[in-house]
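Chemist: Numbering (my numbering), first residue to last: 34 to 469.
Virtual Cβ for every residue (Gly too), placed ideally from N, Cα, C.
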Amino acid sequence: NFKPRILKRDKRPNILLLYADDWRHDTLGCAGNPVVKTPVFDKLAKEGIRFVQNMVTTSLCWISRATLLTGQYMSSHNYKDRGEDFPRPWNETYIPMLQQAGYYVGHVGKWGISWLPHAPIDYNREYEGSHFIDDVWGDWPEGTPQIHVTEANGKQALDFLKNRPKEEDRPFYLSVHFFATHAEDDHKDQYLPQKRSKSLYKDVTIPVTETSDVGDTDKFYKKMPYFFEDNNEARTRWRWRFDTPKKHQRMMKNYYRMATEVDTASGQIIEELQKQGVLDNTVIIFTTDNGNFHAEHGLADKWYPHQESIRVPLIIRDPRISKEAQGRVNEDITLNVDLAPTILGAAGIEVPDFMQGRDMSDLYSKDGADLATPWRTEFFYEHPLIFPTDFIPSSEALVRKDLKYFRWPDFDFTQLFDLRSDPGEIHDVINKTKYK
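(1) Do you know offhand how far Glu80's Cα is from Gly360's?
(2) Smallest Cα separation from Pro204: which of His140, Ile39, Tyr160, Leu131?
(3) Work out the CA separation of Ser147 and Asp118 for me, nearest whole Å.
(4) The alpha helix (DSSP H) with Leu131 in it runs from where to where?
(5) Lys349 bridges to which residues according to DSSP?
(6) Give the secondary structure of Met88 by DSSP, where H, G and I count as helix, E and B as strand, and everything else as coil.
(7) Would a C-beta distance cut-off of 8 Å place Thr242 and His110 closer than the cut-off?
(8) Can you name, in chain order, every residue of its own chain whose Cβ lies under 7 Å from the Cβ of Ser454, other than the five neighbours on each side?
(9) Taking the runs of the alpha helix (DSSP H) that are 4 residues or longer, which of them lie wholly in the region 97-125?
(10) Does the beta-carbon distance from Thr214 to Ile459 come in below 8 Å?
(11) Which residue's Cα is closest to the Cα of Ser299: Val237, Val141, Thr100?
(12) His140 by DSSP, collapsed to three states: which one?
(13) Run through the DSSP bridge pairs and tell me what Tyr438 is partnered with.
(14) His181 CB to nearest chain D CB: under 8 Å?
(15) Report the rounded CA-to-CA distance for Val295 versus Leu51, giving the unit in angstroms.
(16) According to DSSP, what are the bridge partners of Ser245?
(17) Considering just the uninterrupted stretch of the beta strand (DSSP E) at Asn47, what are its terminal residues?
(18) In terms of DSSP beta bridges, what is Ile343 paired with?
(19) Among all the DSSP beta bridges, which residues are the ones paired with Tyr288?
(20) Do you know offhand how far Asn196's Cα is from Glu305's?
(21) Measuring CB atoms only, is the region 420-427 touching the region 390-400, in the sense that at least three cross pairs come out at less than 8 Å?
(22) Starting from Glu159, trace the beta strand (DSSP E) both ways and give me its first and last residue.
(23) Taking the straight line between their C-alpha atoms, what separation do you get for Phe274 and Thr250?
(24) Give a yes or no on contact between the region 345-362 and the region 317-325, applying the rule of three or more CB pairs nearer than 8 Å.
(25) Measuring alpha carbon to alpha carbon, tell me which residue in Ala190, Asn265, Gln389, Leu61 is nearest Glu125.
(26) List, from N- to C-terminal side, the alpha helix (DSSP H) runs of 4 residues or more that fit wholly inside the region 381-411.
(27) Run through DSSP, which three-state label would Asn363 get?
(28) What residues in its chain sit with their C-beta under 8 Å from that of Pro120, if we drop five residues either side in the sequence?
(29) To the nearest angstrom, report how far apart Glu161 and Lys143 are at their CA atoms.
(30) Going by DSSP in three states, Glu415 sits in which element: helix, strand or coil?
(31) Please confirm whether Val384 and Glu411 have their CB atoms less than 8 Å apart.
(32) How is Leu191 classed by DSSP in three states: helix, strand or coil?
(33) At the level of alpha carbons, what is the spacing between Glu217 and Leu40?
(34) According to the neighbour-count rule (16 or more other Cβ atoms, all chains shown, within 10 Å of its Cβ), is Asn369 buried or exposed?
(35) Leaving out the 5 sequence neighbours to the left and right, which residues in its chain are closer than 6 Å to Tyr156 when beta-carbon positions are compared?
(36) For the beta strand (DSSP E) containing Leu207, name the first residue and the last one.
Here's what the structure looks like:
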């Protein structure tokens, strides 16, 4: 029976959420990546604020997306198994709250939660799992061949924007959940970009990071806890993608091609906002559901509490950001649990008590020193066991900017990493006297 408290009904901004998949914090030109081209997101960062210590509380698709919707940690929303019904009431997620406040609401792409393809919203186009898809909605001319999932994301986002109600007192909310850069897990090539992107990065050599195992080596995988064996799923996927230098180059080039395609599609969406004259009254948020190992620690994919897995990009372009603040880099610890409160705050809706995050606009609309409650300096990371224990073991972590404490509950095993001297999390110092 929850009903949101609407604090403001006039001069509310539109809200656009650009939400990518399996995309870690440094897959951006503006984050210093020497290869990937993301000019749209780079420009967005110059016009907004980039949060460089943004992380997820669980690095797994459906759990992270449940956290996005509810503003809650996994242990509160309790959506651990994707095959189960979503355990929280729909009206306790932020989307129906926006609808009750008068927003015209649309969604394009991957919900990642079992029943949400049928969610009662104004415009709903859900799909995932393949990089080339059929038109199952009748949105394109009859006989249109399969198109790339990112192209579909962009086309349907534009369809929503062009056909939405144009009344001044009817703001819109649109979430565009790109399936890229998620791999097509059952395909031998894993990453399948659009044909027109094949020339991108063709003559570039992708650097291998300092803590990566690429090819016939397990130097860094040997440093993982003793229970990480050959049948660990992250190691299995490493073999799919990175067990030869040639394969590593091919996989990473296609991964970066797909990232650039998301950037291009996002640019087309933002250009439509400009054409409609509503860009400067639209809050734009770019972020992702979780990070990704690119052979670091001898791993692929996500799940575990390491930086590559839990740190994700976050850029916010907000009309409330002052000219002086545009282009700043923020180093406070922000989390995916903060997204729902931030969206509700922008819409003039009181953040309900059962949400566990905070409105991130406080970090740019107020002086941080003036916050009534100081911003967090640490957080709890959690990930469930995906059976059996040697497949994806459960993990927990206390995460700070200087230190990170790991706990592997299935094995009662702990680790400690000093991120100041060891940002790659290679040297476990749990038994060092100075850290006692």
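Modeler: Checking against the coordinates, here is how it stands:
(1) Walking along the sequence shown from the start, residue 80 turns up at place 47. Walking along the sequence shown from the start, residue 360 turns up at place 327. Gly360 has its alpha-carbon roughly 6 Å from the corresponding atom of Glu80.
(2) Reading the sequence shown from its first residue, position 171 is the one you call residue 204. Considering only alpha carbons, the answer is Leu131.
(3) One-based indexing of the sequence shown puts residue 118 at position 85. One-based indexing of the sequence shown puts residue 147 at position 114. Distance between the alpha carbons of Asp118 and Ser147 is about 7 Å.
(4) Looking up residue 131 in the sequence shown gives position 98. 127-133 is the extent of the alpha helix (DSSP H) around Leu131.
(5) What you label residue 349 is simply residue 316 of the sequence shown in a count that begins at 1. According to the sequence shown, residue 349 is Ile rather than Lys. Answer is Ile82, Ile318, bridged to Ile349.
(6) Residue mapping note: residue 88 aligns to position 55 of the sequence shown, counting from 1. DSSP places Met88 in strand when its eight states are reduced to three.
(7) Here the question's residue 242 lines up with position 209 in the sequence shown. Here the question's residue 110 lines up with position 77 in the sequence shown. Between Thr242 and His110, the C-beta gap is not smaller than 8 Å, which leaves the two residues out of contact.
(8) Residue numbering aside, residue 454 sits at position 421 when the sequence shown is read from its first letter. So the list is empty, once near-sequence residues are dropped.
(9) Listed in chain order, they are 107-110.
(10) Working through the sequence shown from its first residue, we reach residue 214 at position 181. Working through the sequence shown from its first residue, we reach residue 459 at position 426. Not closer than 8 Å, so no.
(11) Translated into the one-based positions of the sequence shown, residue 299 becomes position 266. That would be Val141, whose Cα lies nearest to the Cα of Ser299.
(12) Position 107 of the sequence shown holds residue 140. DSSP places His140 in strand when its eight states are reduced to three.
(13) As a first step, residue 438 must be located in the sequence shown, where it is residue number 405. Answer by DSSP bridge pairing, in chain order: Leu431, Leu449.
(14) Any reference to chain D falls outside this structure, which holds one protein chain only.
(15) Residue 295 sits at position 262 when you count from the first residue of the sequence shown. Residue 51 sits at position 18 when you count from the first residue of the sequence shown. Using only the alpha carbons, I get a separation of about 9 Å.
(16) The residue you call residue 245 lines up with position 212 of the sequence shown. As computed with DSSP, Ser245 is found in a beta bridge with Glu329.
(17) Residue numbering aside, residue 47 sits at position 14 when the sequence shown is read from its first letter. Segment 47-53, the beta strand (DSSP E) holding Asn47.
(18) The count along the sequence shown starts at 1 and reaches residue 343 at position 310. Note: Ile343 is not bridge-paired with any residue in the DSSP secondary-structure output.
(19) Translated into the one-based positions of the sequence shown, residue 288 becomes position 255. Answer by DSSP bridge pairing: none, since Tyr288 is not bridged.
(20) Your numbering for residue 196 matches position 163 in the sequence shown. Your numbering for residue 305 matches position 272 in the sequence shown. Just so you know, the alpha carbons of Asn196 and Glu305 end up roughly 12 Å apart.
(21) With the cut-off at 8 Å, the region 420-427 and the region 390-400 do not touch.
(22) Translated into the one-based positions of the sequence shown, residue 159 becomes position 126. Run containing Glu159: 156-159, per the beta strand (DSSP E) assignment.
(23) Here residue 274 refers to the residue found at position 241 of the sequence shown. Here residue 250 refers to the residue found at position 217 of the sequence shown. A small fix is needed here, since residue 274 is Arg in this sequence, not Phe. C-alpha of Arg274 to C-alpha of Thr250: approximately 14 Å in a straight line.
(24) The region 345-362 is in contact with the region 317-325.
(25) For the purposes of this step, residue 125 is taken as residue 92 along the sequence shown, with counting starting at 1. Of Ala190, Asn265, Gln389, Leu61, the residue nearest in Cα terms is Gln389.
(26) Unbroken alpha helix (DSSP H) stretches of 4 residues or longer found wholly inside the region 381-411: 395-398, given in chain order.
(27) Counting from one through the sequence shown, the residue named residue 363 turns up at place 330. Strand.
(28) As a first step, residue 120 is located in the sequence shown; it is residue number 87 there, counting from the start. Taken in chain order, the residues that qualify are His110, Asn111, Tyr112.
(29) Stepping through the sequence shown from its first residue, residue 161 is reached at position 128. Stepping through the sequence shown from its first residue, residue 143 is reached at position 110. If you draw a straight line from the Cα of Glu161 to the Cα of Lys143, it comes to about 5 Å.
(30) Translated into positions along the sequence shown, residue 415 becomes position 382. Strand.
(31) Translated into positions along the sequence shown, residue 384 becomes position 351. Translated into positions along the sequence shown, residue 411 becomes position 378. Taking 8 Å as the Cβ cut-off, Val384 and Glu411 do not qualify as a contacting pair.
(32) As a first step, residue 191 is located in the sequence shown; it is residue number 158 there, counting from the start. Under the three-state reduction of DSSP, Leu191 is assigned to helix.
(33) In the sequence shown, the residue the question calls residue 217 occupies position 184. In the sequence shown, the residue the question calls residue 40 occupies position 7. About 43 Å.
(34) To locate residue 369, count along the sequence shown from 1; it is residue 336. Per the 10 Å Cβ criterion, buried.
(35) Position 123 of the sequence shown, counted from the start, is the residue given in the question as residue 156. Same-chain partners within the cutoff: Gly139, Phe193.
(36) Locating residue 207 in the sequence shown gives position 174, where the first residue counts as 1. Segment 205-210, the beta strand (DSSP E) holding Leu207.
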